[in-house]
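Student:
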Amino acid sequence: AGMRACIGFWVGSVPTGWAKNTAEYIQKAKQAYQERDPHPLITFALAPHSPYVNDDESLLLCQQFSNEHNLRIHIHLHETEAEININLEKYGNRPMTRFDQLGLLNEQLIAVHMVHLTDAEIELCAKRKLHVSHNPESNLKLGSGFAPISKLINAGVNVSLGTDGAASNNDLDLFGEMQTAAFIAKALDKNPTALDAMTVIEMATINGAKTVGLEKEIGSVEKGKYADVIAIDFDHLFTQPVFHPASHVVYALNRLQVSDVFVAGKQLLNQCKFTTLDTTEIIKKAQYWANKVRPTQG
């Protein structure tokens, strides 16, 4: 396909079809990492699921693996009140306190959601220089709550945008996430200037690059960086006239107006036509797997 990706090795403390226990998850992650074919567009991370799925042993093993290979750790954190209550019952403290005691709160951590935070926890995020991935539409669909994004940004925390998975988001549309993030922040802060358009665009671009550790290679148009860029078609009745392009990107556009995509200078979308992918074949495969995983009626 030619797309850039950061692939996370899932690690849990519960048995699945992939692995029986923590040791096997880590062993398979190490094996996959060691046997990978190095590729300029592919990087790797560890992806333990959450404070309630992962015990201390699995988290410490992820931290060790991360330290050995300089890998990011991606995990759902402080997503729901239930998650925090489970941690309080089982470990006697809130997840962030537990993670800090384990040494996981650092520049390698990608903390996804971060909805339920105290002011002290926001200060700790800034102090430990971790990264926050804000997933506003998933938080809305699951009824998780509203992340204090303005407070995090004002504290100096790097905040990027994500979508979460298809089960809790459906469309995986980053343009939709930009608009939703901006609207929620304005409503929460009761301030129409909160999370302005350029800030949201930075969350979707350079802040995302910082989150996965690639800010020196991508995320902005600068000399020496790879040409990962898109072109947007503003020439539609519903997006004319254009007075403020950044505001239009956040509040008026949709993903179907992306006309061209380049990754590392290679064109992958040309006038809304894929150059490397057979969409008919992709749809056929999607339908095949949908039928395969669909519960049997009866």
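The numbering of the sequence shown is this note's numbering, which starts it at 1 and goes up by one.
The beta carbon of each residue, even a glycine, is placed where N, CA and C say it ideally should be.
Round the Cβ separation of LEU172 and ALA166 to the nearest angstrom and send it over; I've been treating them as touching at under 8 Å.
Tutor: Position 172 of the sequence shown, counted from the start, is the residue given in the question as residue 172. Position 166 of the sequence shown, counted from the start, is the residue given in the question as residue 166. Right, the Cβ-Cβ distance comes to about 6 Å (below 8 Å), so this counts as a contact.
Student: How is TRP10 classed by DSSP in three states: helix, strand or coil?
Tutor: Position 10 of the sequence shown holds residue 10. Strand.
Student: When you compare the CB positions of ALA187 and ALA227, do they come within less than 8 Å of one another, or not?
Tutor: Residue 187 sits at position 187 when you count from the first residue of the sequence shown. Residue 227 sits at position 227 when you count from the first residue of the sequence shown. For ALA187 and ALA227, no; Cβs fall outside 8 Å.
Student: With CYS125 and ALA147 assumed to form a contact (beta carbons below 8 Å), what rounded beta-carbon distance in angstroms separates them?
Tutor: The count along the sequence shown starts at 1 and reaches residue 125 at position 125. The count along the sequence shown starts at 1 and reaches residue 147 at position 147. So it is not a contact: roughly 11 Å between Cβ atoms.
Student: Please confirm whether ARG98 and PRO48 have their CB atoms less than 8 Å apart.
Tutor: Here residue 98 corresponds to residue number 98 of the sequence shown, with the count starting at 1. Here residue 48 corresponds to residue number 48 of the sequence shown, with the count starting at 1. No, they are not a contact pair.
Student: In the DSSP output, what is PHE238 paired with across the bridge?
Tutor: As a working note, residue 238 is residue 238 in the sequence shown. Paired residue(s): none; PHE238 is not in a bridge.
Student: Leaving out five residues on either side along the sequence, give the residues of the same chain with a beta carbon under 6 Å from the beta carbon of LYS210.
Tutor: For the purposes of this step, residue 210 is identified with residue 210 of the sequence shown, where counting begins at 1. Only ASN158 meet the Cβ criterion.
Student: By the 10 Å Cβ neighbour count, where 16 or more other Cβ atoms means buried, how is LEU237 classified, buried or exposed?
Tutor: For the purposes of this step, residue 237 is taken as the residue at position 237 of the sequence shown. Under this definition LEU237 is an exposed residue.
Student: What distance in whole Å lies between the Cβ atoms of GLY208 and SER138, which are believed to be in contact at a cut-off of 8 Å?
Tutor: For this step, residue 138 is matched to residue 138 along the sequence shown. For this step, residue 208 is matched to residue 208 along the sequence shown. Not really, about 16 Å apart at Cβ, beyond 8 Å.
Student: Reducing DSSP to helix, strand and coil, say where LYS186 ends up.
Tutor: Locating residue 186 in the sequence shown gives position 186, where the first residue counts as 1. In the structure shown, LYS186 sits in a helix (DSSP, three-state: H, G or I).
Student: Starting from ALA231, follow its DSSP beta bridges and name the residues at the other end.
Tutor: Stepping through the sequence shown from its first residue, residue 231 is reached at position 231. ASP260, per the DSSP bridge assignment.
Student: Return the Cβ separation of ALA182 and VAL250 in integer angstroms, given the expectation that the two are a contact with Cβ distance under 8 Å.
Tutor: Position 182 of the sequence shown, counted from the start, is the residue given in the question as residue 182. Position 250 of the sequence shown, counted from the start, is the residue given in the question as residue 250. About 6 Å; that satisfies the 8 Å criterion.
Student: Grouping DSSP H, G and I as helix and E and B as strand, with all else coil, what is LYS20?
Tutor: In the sequence shown, counting from the first residue as 1, residue 20 sits at position 20. If DSSP states are grouped into helix, strand and coil, LYS20 belongs with coil.
Student: For ASN158, write down the residues that DSSP places opposite it in a beta bridge.
Tutor: The residue given as residue 158 occupies position 158 in the sequence shown. The partner list for ASN158 (beta bridge, DSSP) reads HIS131.
Student: Thinking C-beta only, is HIS74 closer than 8 Å to ILE122?
Tutor: Here residue 122 refers to the residue found at position 122 of the sequence shown. Here residue 74 refers to the residue found at position 74 of the sequence shown. Taking 8 Å as the Cβ cut-off, ILE122 and HIS74 do not qualify as a contacting pair.
Student: Tell me whether the region 27-44 and the region 5-12 touch, counting them as touching only if at least three CB pairs, one residue from each stretch, are closer than 8 Å.
Tutor: As far as the Cβ criterion goes, the region 27-44 touches the region 5-12, which means the pair count is three or higher.
Student: Tell me which residue opens and which closes the beta strand (DSSP E) that PRO136 is part of.
Tutor: Here the question's residue 136 lines up with position 136 in the sequence shown. Per DSSP, PRO136 belongs to no beta strand (DSSP E); it is in the alpha helix (DSSP H), 136-141.
Student: Whole angstroms is fine: what's the gap from THR16's alpha carbon to ASN54's?
Tutor: The sequence position of residue 16 within the sequence shown is 16, counting from 1. The sequence position of residue 54 within the sequence shown is 54, counting from 1. One C-alpha to the other measures close to 13 Å.
Student: Taking DSSP's pairing of strands, which residues face PRO48 in a bridge?
Tutor: The residue given as residue 48 occupies position 48 in the sequence shown. Answer by DSSP bridge pairing, in chain order: VAL11.
Student: Assign HIS131 to one of two classes, buried (16 or more other C-beta atoms within 10 Å of its C-beta) or exposed (fewer than that).
Tutor: Position 131 of the sequence shown, counted from the start, is the residue given in the question as residue 131. Answer is buried; the Cβ neighbour count reaches 16.
Student: In this structure, does DSSP put GLN267 in helix, strand or coil?
Tutor: Counted from its first residue, the sequence shown places residue 267 at position 267. Strand.
Student: Using the three-state DSSP reduction, which class does LEU102 fall into: helix, strand or coil?
Tutor: Locating residue 102 in the sequence shown gives position 102, where the first residue counts as 1. Of the three classes helix, strand and coil, the one that applies to LEU102 here is helix, per DSSP.
Student: Going by C-alpha distance, which of ARG72, LYS20 and GLU79 is nearest SER168?
Tutor: Taking the first residue of the sequence shown as 1, we reach residue 168 at position 168. The candidate whose alpha carbon is nearest that of SER168 is GLU79.
Student: Which residues share a DSSP beta bridge with LEU41?
Tutor: Looking up residue 41 in the sequence shown gives position 41. In DSSP, LEU41 forms no bridge with anything.
Student: Helix, strand or coil for VAL112, going by three-state DSSP, please let me know.
Tutor: Here residue 112 refers to the residue found at position 112 when the sequence shown is read from its first residue. The answer is strand: DSSP assigns VAL112 an E or B state.
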